[in-house]
Structures are given as structure tokens and as C-alpha cells.
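Q: Let me give you the structure first, and then I'll get to my questions.
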Amino acid sequence: MTVRRSVVVGCGGYLPEKVLTNEELAQRLDTSDEWIRERSGITQRYIAAEGELTSDLACAAARTALDAAGITPDAVDLIVVATSTPDETFPASATVVQSKVGADNAMAFDVQAVCSGFVYALATADNFVKSGQAGTALVIGAETFSRILDWQDRGTCVLFGDGAGAIVLKAEDGQGNATDRGVLSTHLHSDGRLHDLLYVDGGPSSTGEVGFLRMEGKEVFRHAVVKMADVTVEALEANGLTASDIDWFVPHQANKRIIDGTAKKLGINGDRVVVTIDRHANTSAASIPLALWVATGDARIKQGDLVLIEALGGGMTWGSGLVRW
Ligand code: COA
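To convert a position in the sequence shown, counted from 1, into our numbering, add 29.
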């Protein structure tokens, strides 16, 4: 039996020019390079320039991904942008990307699931492709979290950065088993009762202001360790696979200790885990596609490899996906 699969045919990314190191932060905040590195694994982050918008980052990543795929913008019929930091309250940043890259034949919308955004966007695009409603999809994670950080709050501002990553999906026929190329499955969850652990204290309908990110770091950490392990096992079991089948584990980059803890629980060796948090920090919805871009760029992830992704974010939302590259 043939099934329709969403196969990754291109991957791209973009990081702003400006690097902000831990040492620079320590000059203006009561923190230290040592504390940030030990607690999170972060040494630096990228910060978007004044006037550089989320859609600009998204477009740069999208263009690299389209180039890598050898696909022209007019062939794209779906654009999904995962972001919590859109250019404007509306319209969707995806429509801005559509116009800037010239993907005039596409439908375009945003998905908002904070740090799980890319997994949610991938699941959405995959379902559009599988149902036949789209044949070529651009899935982007793009964020300018530097704009929603309280730069006086050392418990949060040291952890995040800006960036964008993108993949191009194309419909192809598969056999319906785990040897197929493409998205094998996605698994999404949310629990709105956990709102207060990670949220932004503003918005158009509440304060009328954009607001700042607020987080109960310890509690988020506790949920992340448990939920990441559960949702990755769910993905493996759904496909009759075990951790030893995984070529590359590409987790959301929130904290090196969370990444290490999840990999250890799964029994995945560190040399099969893609880590970018040291240089990128937490770029929310952009972190997974950026890590995919880095690991395809240096030829770690190759065609045919089995890639496991997972993320947890505000909401709370969390999810995983298995993709045969
Ligand atoms: N520099 C120096 N000290 C800091 C600091 C900073 N940047 N931020 C907090 N501290 C202090 C705290 O004030 C606290 O001091 P106190 O004991 O005198 O009150 C101390 O360090 C320990 O803080 P705590 O919050 O208990 O540290 P932690 O070990 O839990 O690490 C995080 C903090 C935020 C790094 C960690 O909880 C974390 O990563 N959580 C998950 C966050 C996450 O992944 N969020 C995104 C999800 S998508």
C-alpha cells in the first residue's frame, strides 16, 4: 500500500549578526559566565538588529531552505511560520514571508505554540501534505525573543536568543512503514492549567502592551524532564522503533541539562545528540530547525537517517516527531 509522505528536501537557517556573550551580560546584570554556563550550557546568543524583524529572519532561513531544495518560491503552496514574536499582532508573519520571498501561490498562516511551535507547525504541514491539500510546504520557526525579554530579570533574559530555521517538505509516495523517507509521525500535547509557569504578561486583549516573558524556571525544568522523556518514547512506540534505531536526536534547545537528562533516559549517546544551545541559546520555535540546519550543513544528518525531534514550551505545549531524512 502506498501512502503520501512529507519528505524533507531542503533545510535552511539564519542567525543575526550581533553576538551577545555571557561576559557582556555579566557587565550589566548580577550574573556570571560561570553561572549561565553551568545552569544552562549557554555561552552566547544572537540578537536581531534594530529594525530587523522576525519575518526578515524567517525569509533569510526560507531562502536558504528553498535554495537547498532547488525549489522556486512559486512552487510552494503552503507556508507555516511557528512564532510567538510576530512582526505585528496581525496579519500572520507567514503572509509577510510569502510576499517577501514571492511565494504567490501559497496559503500562509502562523502557528503559536511557543517553544513547541516548530513541532506543531511540522505536524500541521504534514497533515496538509498527507491529506493532499498541499504538495510543497515551507515550515519555518522564527523568533525575536530579545524583544519580549525583561533585560533586568536575570532568571530569564540570559537564556534566550533570536534566529530562524526552515525546512521544505515535498509530497512523495512511501510504503507506509518506518523505512519510508519523510515524517513518520508527530505527537502533540498541551495542558493549559500550566499557564502560569511560562507566559508573557501582556497582549492585545489584556494589557494592550506586548509584555515580558515570565517563567518559573525550576517548575518548567521539572515538567520538561518528565514530558520530554514520555513524548519521545511515545514517538518510538508508535513506529515500533527503539532508541537504538535513532541516528540523530535533535531536541529543542532550552537547557543542556534537560537535553542530557532526556538523552540519558532514552539511552541515546551524546555523540548522536545535536546541541546548539551553547552558541544559539534558546531561540524558541527556531531552535529545532536551526539545529537541523547546523547538523545537515556539517553533514552529520544525511539522507536516510532517522531523526527524533521533541520540544516543550509555554501553554504548556509539548510534542515530538520522527522524520526519516
Ligand atoms: N545569574 C546568577 N544567579 C542567578 C541567575 C543568573 N542569571 N538567575 C537566577 N539566579 C539565582 C537565583 O536568584 C537563585 O538564587 P537564590 O538561591 O539566592 O534565590 C539561584 O540562582 C538558583 O536559582 P534557581 O532558579 O533555583 O536555579 P536553577 O538551578 O533552577 O536554574 C534555570 C535556573 C532557569 C537555568 C533552570 O531552572 C532552567 O533552565 N529551567 C528551565 C527553563 C526552560 O527551559 N525554559 C524554557 C522552556 S521552553
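Just so it is clear, CB atoms sit at the ideal spot from N, CA and C, and this is done for glycine as well.
Going along the chain, which residues of its own chain have a beta-carbon closer than 7 Å to the beta-carbon of M30, five neighbours each way excluded?
A: Here the set comprises G205.
Q: Have a look at T215, G240, L242, I288 and flag the residue whose alpha-carbon is nearest the alpha-carbon of R251.
A: The shortest Cα separation from R251 among T215, G240, L242, I288 belongs to I288.
Q: Report yes or no: is there a C-beta of chain B within less than 8 Å of the C-beta of R74?
A: The chain labelled as chain B is not found in the depicted structure, where only one protein chain is given.
Q: For G232, which residues in the same chain have their Cβ closer than 7 Å to its Cβ, ignoring the five residues on either side in sequence?
A: G240, listed in sequence order.
Q: Would the region 310–319 count as touching the region 184–200 if we require 3 or more Cβ pairs under 8 Å?
A: With the cut-off at 8 Å, the region 310–319 and the region 184–200 touch.
Q: Alpha carbon to alpha carbon, what distance is there between I196 and P318?
A: Each residue's alpha carbon lies about 7 Å from the other.
Q: Unbroken alpha helix (DSSP H) runs of length 4 or more, entirely within the region 99–161: which are they?
A: Taking only runs of at least 4 residues, the alpha helix (DSSP H) segments lying wholly in the region 99–161 are 122–130, 146–160.
Q: Please go through the region 300–352 and give each complete alpha helix (DSSP H) segment of 4 or more residues, from N-terminal end onward.
A: Counting only runs of 4 or more, we get 306–309, 316–326.
Q: Of the choices F174, E67, S69, whose alpha-carbon is the least far from that of P45?
A: Residue F174 is the option with its Cα nearest to P45.
Q: In angstroms with no decimal places, state the Cα-to-Cα distance between A121 and D139.
A: So the alpha carbons of these two residues sit roughly 5 Å apart.
Q: Would you mind sorting E52 into buried or exposed? The rule is 16 or more other CB atoms within 10 Å of its CB.
A: So E52 ends up on the exposed side.
Q: Tell me whether V357 sits in a helix, a strand or coil according to DSSP, three-state version.
A: The structure shown does not extend to residue 357, since the chain spans only 30 to 354, so no value can be given for it.
Q: Can you list, in chain order, the stretches of the beta strand (DSSP E) that have 3 or more residues and sit fully within the region 241–275?
A: With a minimum length of 3 residues, the continuous beta strand (DSSP E) runs that stay inside the region 241–275 are 242–244.
Q: Can you list, in chain order, the stretches of the alpha helix (DSSP H) that have 4 or more residues and sit fully within the region 30–85?
A: Qualifying alpha helix (DSSP H) stretches, in chain order: 51–57, 62–69.
Q: Between the region 76–95 and the region 177–184, do three or more beta carbon pairs fall short of 8 Å?
A: No, because fewer than three Cβ pairs between the region 76–95 and the region 177–184 fall closer than 8 Å, the two stretches do not touch.
Q: Within a Cβ cutoff of 8 Å, which residues of the same chain sit near D96, ignoring the five residues on either side of it in sequence?
A: Here the set comprises G39, G41.
Q: Can you give me the C-alpha to C-alpha distance between K285 and L226, rounded to a whole angstrom?
A: Using only the alpha carbons, I get a separation of about 19 Å.
Q: Should I65 be listed as close to the ligand COA, given that the test is whether its C-beta is under 7 Å from any heavy atom?
A: Under cutoff, so the answer is yes.
Q: In or out: F119 buried (at least 16 other Cβ within 10 Å) or exposed?
A: F119 comes out exposed.
Q: Can you pull the DSSP bridge partners for F189?
A: The partner list for F189 (beta bridge, DSSP) reads N311.
Q: The beta strand (DSSP E) spanning T215 covers which residue range?
A: Element bounds for T215: 211–219.
Q: Is A141 buried or exposed, if buried means 16 or more other CB atoms sit within 10 Å of its CB?
A: One point to set straight first is that residue 141 is Gln, not Ala, in the sequence displayed. By the neighbour-count rule (16 or more Cβ atoms within 10 Å), Q141 is buried.
Q: With 16 as the cutoff for other CB atoms within 10 Å, does R57 come out buried or exposed?
A: The residue in question, R57, is exposed, as its Cβ has fewer than 16 Cβ neighbours within 10 Å.
Q: Determine, using beta carbons only, whether I108 and A98 come nearer to each other than 8 Å.
A: No; because the gap between Cβ atoms is not below 8 Å, this pair is not in contact.
Q: Confirm the yes/no value for this check: CB of A283, any heavy atom of the ligand COA, distance under 7 Å.
A: Checking every heavy atom of the ligand COA against the Cβ of A283, one is found closer than 7 Å.
Q: Taking all protein chains shown into account, do 16 or more other C-beta atoms lie within 10 angstroms of the C-beta of T14, making it buried, or fewer, making it exposed?
A: Outside the modelled stretch of the chain, which goes from 30 to 354, sits residue 14, for which no answer is possible.
Q: Is A253 near the ligand COA - that is, is its Cβ less than 7 Å away from at least one heavy atom of it?
A: Because some heavy atom of the ligand COA lies under 7 Å away, the Cβ of A253 counts as near it: yes.
Q: Please name the residue, chosen from A163, S145, E117, K129, that lies closest to M136 on a Cα-to-Cα basis.
A: For the residues A163, S145, E117, K129, the minimum Cα distance to M136 belongs to A163.
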